[in-house]
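Have a look at the structure below, then the notes.
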């Protein structure tokens, strides 16, 4: 029997695939383009198989910086809710119960995520710039209007409704555009971008506390609005859509609810819904909790800055490891960390200020990561390369 030759040439397709894999590995080591394998299903996605991601470069990191700026000027005020609630309960809305005032911020949070259902299809059709520009304009308007609010319904309309609409136009697009430029490093890049809201959550509570006392509520909120003008101008310059826009038609902007027929996607959405439902409770109530238990106003505002400062690292570090250990796996760990910190640190705290500080740091770290990791959980069901 004839002996087969030892050096068997590779089949053309296999050789091409191996060569492509080696090339991709070399590009990743250099920080250049990453190519999604053509075997990935693209059902429901406009991007063709084999889409290349820049994975770095001035343009891609410029988009990350632009997203950081957009979230600094918008998400910061969701992370600073405790500052506004504490001040309003002791001043303009002192005749109302904490539950009644809490409805203002509940509407704000609810509209932010509920209206994202519509903002998503518009982003898919037109890209991020138009949405972020509209949301940024509304953010500046509501911050300027806050200074003249005196009645409960004023704050409900301005902060709750207008503020919620403005953030809904910014939050999703500012996070999603990063995914157009990064695949292998997506968790890390998104973590950096989303840290803008955490940094703002450190800066604005401290700034507002000082200005409330020295300049008054009206000029404190106006000053925040002036800061946001700068950040949104920079965001508009740096954020660039990667794909050409489509015309706005009913078919392109209508939410496709049929995707929830996929059981995995529906359950994932339900899980993220409950996650976001409970995630912002400490951000909202930790400040007033500390004051009600005898702490000073300065210490209480500092807690909110601490929880957001820890959130900066909570977005970076888990995002980095999520690209290596798995994004679902990392989200499970961070959610568990949030749960344990509430049960083991916040509930037994009572009036202990050191325990409040420890809780703020631990919960801030784990809670901050959920903001950047939660959007990645849909990738297994609907998005290419996530």
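In my numbering, the protein residues as written are 27 to 412. All residues carry an ideal CB built from backbone N, CA and C; glycine is no exception.
First through last residue of the alpha helix (DSSP H) which encompasses residue i
i           : result
residue 415 : A query on residue 415 cannot be resolved here, the shown segment of the chain reaching from 27 to 412 and no further.
residue 184 : Element bounds for residue 184: n/a, residue is neither H nor E.
residue 315 : 307-318
residue 326 : 323-351
residue 259 : 243-264
residue 235 : 212-240
residue 136 : 124-140
residue 84  : 84-98
residue 155 : 155-172
residue 111 : 107-115
Assigned exposure category for residue i - 16 Cβ within 10 Å defines buried
i           : result
residue 81  : buried
residue 335 : buried
residue 358 : exposed
residue 275 : exposed
residue 105 : buried
residue 289 : exposed
residue 241 : exposed
residue 258 : buried
residue 149 : buried
residue 174 : exposed
residue 370 : exposed
residue 213 : buried
residue 248 : buried
residue 303 : exposed
residue 385 : buried
residue 320 : exposed
residue 284 : exposed
residue 120 : exposed
residue 393 : buried
residue 286 : exposed
residue 252 : exposed
residue 56  : Legend: pLDDT at residue 56 = 44, less than 50; position of this residue unreliable, no value from coordinates given.
residue 273 : exposed
residue 239 : exposed
residue 184 : buried
residue 115 : buried
residue 145 : buried
Proximity winner among the options, relative to residue i (alpha-carbon distances)
i           : options               : result
residue 113 : 344, 317 and 369      : 317
residue 147 : 282, 213 and 264      : 282
residue 89  : 300, 145, 208 and 399 : 208
residue 228 : 158, 328 and 301      : 328
residue 171 : 355, 243, 366 and 354 : 243
residue 299 : 120, 110, 111 and 143 : 143
residue 91  : 195, 117, 219 and 256 : 219
residue 95  : 159, 145, 140 and 111 : 159
residue 353 : 189, 102, 216 and 164 : 216
residue 337 : 386, 189 and 390      : 390
residue 118 : 292, 176 and 161      : 176
residue 342 : 253, 221, 125 and 252 : 221
residue 203 : 264, 164 and 235      : 264
residue 111 : 180, 314 and 188      : 314
residue 187 : 365, 164, 197 and 367 : 164
residue 360 : 350, 340 and 349      : 340
residue 196 : 291, 115, 141 and 330 : 141
residue 161 : 180, 179, 198 and 178 : 198
residue 167 : 362, 255 and 325      : 255
Rounded separation between residue i and residue j - CA only
i           : j           : result
residue 312 : residue 123 : 16 Å
residue 154 : residue 210 : 22 Å
residue 135 : residue 396 : 16 Å
residue 182 : residue 83  : 43 Å
residue 85  : residue 233 : 32 Å
residue 296 : residue 100 : 25 Å
residue 332 : residue 310 : 14 Å
residue 93  : residue 250 : 18 Å
residue 54  : residue 346 : With a pLDDT of 40 at residue 54, under the threshold of 50, the modelled position of that residue is not reliable, and no figure is offered here.
residue 225 : residue 78  : 31 Å
residue 205 : residue 400 : 13 Å
residue 109 : residue 323 : 10 Å
residue 169 : residue 270 : 33 Å
residue 152 : residue 200 : 13 Å
residue 194 : residue 373 : 32 Å
residue 388 : residue 375 : 13 Å
residue 130 : residue 191 : 13 Å
residue 235 : residue 245 : 12 Å
residue 133 : residue 127 : 10 Å
residue 223 : residue 306 : 13 Å
residue 378 : residue 356 : 31 Å
residue 237 : residue 364 : 32 Å
residue 362 : residue 368 : 10 Å
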